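Report on the structure given below.
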Amino acid sequence: MRKILLYPVITAFLVLCSCRPEPAIRIDMQQPAPIYPDYTDIAIPCNIAPLNFGVREHVSEVQVLLQGETTHLQASGKNKIQFSLKSWKKFMQQETGNRVAVHFSMQQGDSLLNYPPFYWQIMPDSIDSYLSYRLIEPGFEVWNHLQLEERNLENFETRLIADNSELDRSCMNCHIYGNNDGSLSLFHIRGKQGGTVLNRNGELRKLQLRNEEFPAGAVYGSIHPSGRYAAFSGNHIIPEFHAHQNKRLEVYDEYSYLLIAEFDENRLASIPALTDKSKQYTFPAFSADGTQLYFCMAPALELPENIDSLFYSIARINFDAATGMPQGEIEIIWQGSRETGSASHPGLSPDGKYLLFCVAGYGTFPIWHRETDLYLMHLADGEVELPAAVNSDRSDTYHSWSSNSRWFVFASKRDDGLYGKPYFAYIDSTGKTYKPFVLPQKDPEWYDLTLKSYNIPELAGSALPFDRRKLEKVYHQTQSETFK
Amino acid sequence: MKHSNVYSSVNRIAPILFALAALLWWGLANKYLLYYQEQFQLFQFTFDYLKSRCLVPGGISFYIADFLTQFYYYPWIGAAIIALLLVIIRQLVFRLGRLLKADATYGLLSFLPSIAFWAFLCDENALSGLLIGTIFSLAACCIYMRFPGNLTNRVICILVSLPVLYVVAGSVYFLFIAWAVIYEFREAMRRKEVAHALLRLGLLVLAGILIPLLAQLVTQYAFAGLLSGIGYYRFPQLYTFTGLAAVALCVATPWLMRGFSLLKSPEKRGFILTLTAVAGIGFVWIYKAADPMKEEIMRYDYLTKTGQWNAVIAEAEKKSPTSPLSVACLNLALAKNNQLGDRMFEFYQNGPEGLIPSFKRDFYAPLVSNEIYYQLGMINTAQRFTFEAMEAIPDYRKSSRAFRRLAETNLINGQYKVAEKYLRALQHTLFHKKWADTMLKYAGNESAIAGNPEMARLRKSRYINDFLYSDTEMEDMLGLLLAQNPENRLAFEYLLGYTLQNKDLERFMTYYPLGRTMNYTHIPKSYQEALIYMWTQQNPNFNGLPWSISRNVLDGVSEFAHIYMKQKQPEAILKEKYGKTYWYYLLFV
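Listed in order, the protein sequences are those of chains A and B. Just so you know, the first sequence maps onto residues 579 to 1062 in the working numbering. Just so you know, the second sequence maps onto residues -5 to 583 in the working numbering.
Printed below as a string of structure tokens:
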């Protein structure tokens, strides 16, 4: 009998709890929704993780309605919208190729504030599912905790692939892929037991890419599509600090050169045109077909006195995969100058159509140059454009293409000028670029709380076939392979 | 009253006296160590913080320790917390002794672990997570001892306690394992079951190692770290003798109490001997553990960071500081009170490093030095030193003090979004929230910043033009700072102080005229001494002296020169009378 009475009471309680008080006033706002991150009016890939967002205002509730052409999705929260992964996936599947209106409102006191809708264009072109990056605090000279992480872009799963706390706290450089493929990648670990870790099909090798001929070792690199070679710049890097309020760090090379590492016979080699002491060479990048090597080049100046007159151009040279050596003449395809700026980080799209690169006012360390923007070169005619939709008034730098050449990721400091985050931008078949969006996080407040910068974001179609345990074993238990 | 009642009363009163002693020690004598500890963490009331701390074996202890450490912001509360933790440990150790049927006569021995922990905490890198973990482990030992005659219950207790304790207390759970090993071994041996004793011993040790091995699968730490412990000391996986001894004493002391109880010596003699031994060990151990030199730096640093310039000078007047960092704090206080030129050489000076310390790859020294750069208006350098100091904290923790300074430097530099990031994190704290709320109002509010005297002054004092800063050319950096802001009197005093400390009088003479526009009412004493020294190098008398030099200085230099020229070993004589002059520094330091 008691139970019979209890059930209606519980039901009534639940019903009462689930009822929300109706707001006394409904206000249609004119200004855009005050959400963070800025996910307004963007193009997104059909396979991206839920775009959770929040508001910083003191509100009692936020609500969102994603109105698609065939279906809709609703969500609400205290001051954050966190979509269910399952509902999101279903919604995205049904609305792929469609434009979705995002109706956002929030309850503040007795008022329900309705904001004008913004739109998400769900692109049928998917983005590579995996992103790797280095997590580092944007310091000056001292580093402490560095991690390389792999993120699944289709959900919120992350996986540590290296943590320097277990690697003698050695400095670790960023991780790069070959062919956007998880089974071909490399990165450097410094320190006494360090070396370049090469991953080919999950087999990890520790390489000593340094010898008497190439004392500065290997720094910035690019893997040849064959996986047999990689091009590196050897840079003797000098950091300096700015005194002025808006600038932080300047890094330049005392000397630099380019070299080719061959991984089957363990050879390092170069040609005189790429080791000329009267020039500086850096940021090598193979074309997608592996027949050309792009890089940045500048005359060697007295530094740091002439740092503001240091302008890197973009050059290329043919590469013979049979001999594993660059051949022929160097061709300058973009001239650095006081008028045009200084180039860095050339990145070729896998379809061979575009060259994306950074341009700063001067120098070779664009990450700390607020004025750095991404430029897009159409390789067919050499035309260069500044994609305004993509760039910001803060540094927009290192980038990596998705396998289908429709998406690229880049590191941007646009939100606060200090902490770099991965932003994704779409480029359509006509070469038009769209407003980028930041890597979505399960908790949208994540970027407020984290003190890490995302360095060198790199896209890959498949997951890395190793984990940090395997890496630690290689680091601690194997000798570095020497190179002739 | 029977003797046993007397000892019971002593065992009840002694913890209160012990707590009082600890309270006074930490609240009065060592309070700057508490400030020091508080600044190297940033306890936030967020789920992310809880998660990040608790994902480590022992994380719950570390989280509780962090929570308690934030109260060190008020040293008396911090002292009370430490006193309480020490007394809890003592009570648990005493309880274990009594469970072993130890006599109350030897109850004072139970203070030994707490004394060891007291000494451990005198190390500036010791973290109270070890104390919390130890309390959990001792509590588990007490629970385990509730089943003296029931092996099954004890086994259940061990099986449940081991994983739970490892999660809660971390590798200090070996305390519990050690206790159980000794107890089980003894129990088996009492029944003359040697094989059984060895089996129990082996199984317990195996279980103790197995759990960290399993933890390796779910945490990011290597086995060595998981076995030895991670969050008990600021340098992960590093142990001090005192820390290890404190934990070992927790196991050994109850058995020691029991051992003494079995002796047939008279109660009174045993009690007096125990009292003498514990008091003697406690005094010597704690006295040896305290480091007055470090305490001096922490004291000067705290007074400097809180802008108590008069208090810094008063400390120096009592006893001149000797460490470079303390001297640097004193010089800043003198400069802030417009006394640097007058009084710099009244105190011990150790050269330019004591005026404006260069960068060191450390988590504390740059934090102290940043105060000088900040006050001078070298905001980017202050920011760099602060950032690098925080980055160098060995256990990857964040620093509330660094967050505050980074917020300030970014506000001054107009980097409001970055400042907001630090301030928002501080809003999640207990004692920095109010400050963060206030400072957030400055973000993006130019007129509010202009109305804040300190921020407005520092904005005006900064470099105007950009150049690449050089740590090794400090004189040029100070010169540029002054050249770009001719009203920056602090920069002028540091520039002149730098040349004086560097014994570069030619450069001093070059820069000296820049002070004409600084509204000095008189020529500061050390400048007078330098000027007159230079004059006497080129002129036979004071005729035509272009500066207004005081009679005392004129007489002084004559006498100084006379003693210097006439005496065979003038240093001792001159130190007596002229040890606080620039001349003495110039010629003898």
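For glycine and all other residues, C-beta sits at the position ideal for the given N, C-alpha and C. Fair warning: this is a prediction, and the values are worked out from it, not measured in the lab.
Item                                                                                                                                                       : Value
What residues from chain A crowd round B/V212, counting only those whose CB sits closer than 9 angstroms?                                                  : The contacting residues do not exist; B/V212 stays about 12 angstroms from chain A at best.
When the Cα of B/I129 is compared with those of B/T530, B/L145, B/P107 and B/R140, which residue comes out closest?                                        : B/P107
Under the rule that 16 or more other beta-carbon atoms within 10 Å means buried, what is A/Y997, buried or exposed?                                        : buried
Closer than 8 angstroms, Cβ to Cβ, to anything on chain B: give me those residues from the region 717 to 730 of chain A, in chain order.                   : G717, F718, E719, V720, W721, N722 and H723
So, does the region 247 to 261 of chain B touch the region 73 to 91 of chain B, judging by three or more C-beta pairs under 8 angstroms?                   : yes
By how many angstroms is the C-alpha of A/S981 removed from the C-alpha of A/E735?                                                                         : 21 angstroms
Anything in chain A within Cβ reach of B/Y463, meaning under 7 angstroms, just list it in chain order.                                                     : F819, H820 and A821
Output the distance between the C-alpha atoms of A/M579 and B/F56, rounded to the nearest integer angstrom.                                                : Caution is warranted here: a pLDDT of 45 is assigned to A/M579, below 50, making its placement in the model unreliable, and the coordinate value is therefore given only provisionally. Cα to Cα, the separation comes out at about 51 angstroms.
Decide if B/M512 is buried, meaning its Cβ has at least 16 other Cβ atoms within 10 Å, or exposed.                                                         : exposed
Identify which residue in A/D898, A/L879, A/S927 and A/T975 has its Cα closest to the Cα of A/L957.                                                        : A/S927
Of all the CB atoms in chain B, is at least one closer than 7 angstroms to the CB of A/G772?                                                               : no
Indicate whether at least one CB of chain A lies closer than 7 angstroms to the CB of B/Q231.                                                              : no
Look up B/P564 in the DSSP assignment and say whether it is helix, strand or coil.                                                                         : helix
Bridge partners for A/S920 per DSSP, in chain order?                                                                                                       : A/A938
How big is the Cα-Cα spacing for A/R1047 and B/A209?                                                                                                       : 13 angstroms
State the DSSP-derived secondary structure class of B/Q478, mapped to helix, strand or coil.                                                               : helix
For B/L400, count the other beta carbons within 10 Å of its own beta carbon; 16 or more makes it buried, fewer makes it exposed. Which is it?              : buried
Between B/R460 and chain A, is the shortest Cβ-Cβ distance under 7 angstroms, so that the two count as touching?                                           : The question names Arg, yet the displayed sequence has Asp at residue 460 of chain B. Yes, because at least one Cβ of chain A sits closer than 7 angstroms to the Cβ of B/D460.
Distance, Cα to Cα, A/K1062 vs A/I885?                                                                                                                     : 34 angstroms
Would the region 388 to 399 of chain B and the region 344 to 356 of chain B be scored as touching if the rule is three or more Cβ pairs under 8 angstroms? : no
Measuring only the C-alpha atoms, how far is A/V593 from A/K656?                                                                                           : Any reading at A/V593 is ruled out, since the residue's pLDDT is 45, under 50, leaving its predicted position unreliable.
Going by DSSP, what residues sit across from A/I910 in a beta bridge?                                                                                      : A/A893
Could you name the residues of chain B that A/E828 contacts, counting a contact when the two beta carbons are closer than 8 angstroms?                     : L462
Would you say B/G374 reaches chain A, if we count a Cβ-Cβ gap shorter than 7 angstroms as a contact?                                                       : Note that residue 374 of chain B corresponds to Asn in the displayed sequence, not to Gly. Yes, B/N374 counts as interfacial toward chain A.
Applying a beta-carbon distance threshold of less than 9 angstroms, which residues of chain B neighbour A/D867?                                            : Those within 9 angstroms of A/D867 in chain B number zero; the least Cβ separation is about 40 angstroms.
Between the alpha carbons of B/M449 and B/L319, how many angstroms are there, rounded?                                                                     : 25 angstroms
Can you list the residues of chain A that B/V412 reaches, using a CB-CB cut of under 8 angstroms?                                                          : D994, G995, L996 and Y997
Taking C-beta pairs closer than 8 angstroms, name the residues in chain A that B/R385 reaches, listed in chain order.                                      : The question names Arg, but residue 385 of chain B in the sequence shown is Glu. Those within 8 angstroms of B/E385 in chain A are E715, G717, V720, W721 and N722.
Runs of 4 residues minimum, wholly inside the region 289 to 313 of chain B: which ones carry the alpha helix (DSSP H) assignment?                          : 303 to 312
Using the rule of at least 16 other Cβ atoms within 10 Å of the residue's Cβ for burial, across every protein chain shown, is B/E402 buried or exposed?    : buried
Quick one: which chain B residues come within Cβ less than 9 angstroms of A/D1026?                                                                         : E414, K415, R418 and A419
Interface residues of chain A around B/Y390 at Cβ under 7 angstroms?                                                                                       : N722 and H723
For A/L724, which of A/G717, A/D741, A/R737 and A/L709 has the nearest alpha-carbon?                                                                       : A/D741
Is the CB-CB distance between A/Y859 and A/R894 below 7 angstroms?                                                                                         : no
With DSSP collapsed to three states, give me the class of A/A611.                                                                                          : coil
Do you know how far the Cα of B/L102 is from the Cα of B/T247?                                                                                             : 10 angstroms
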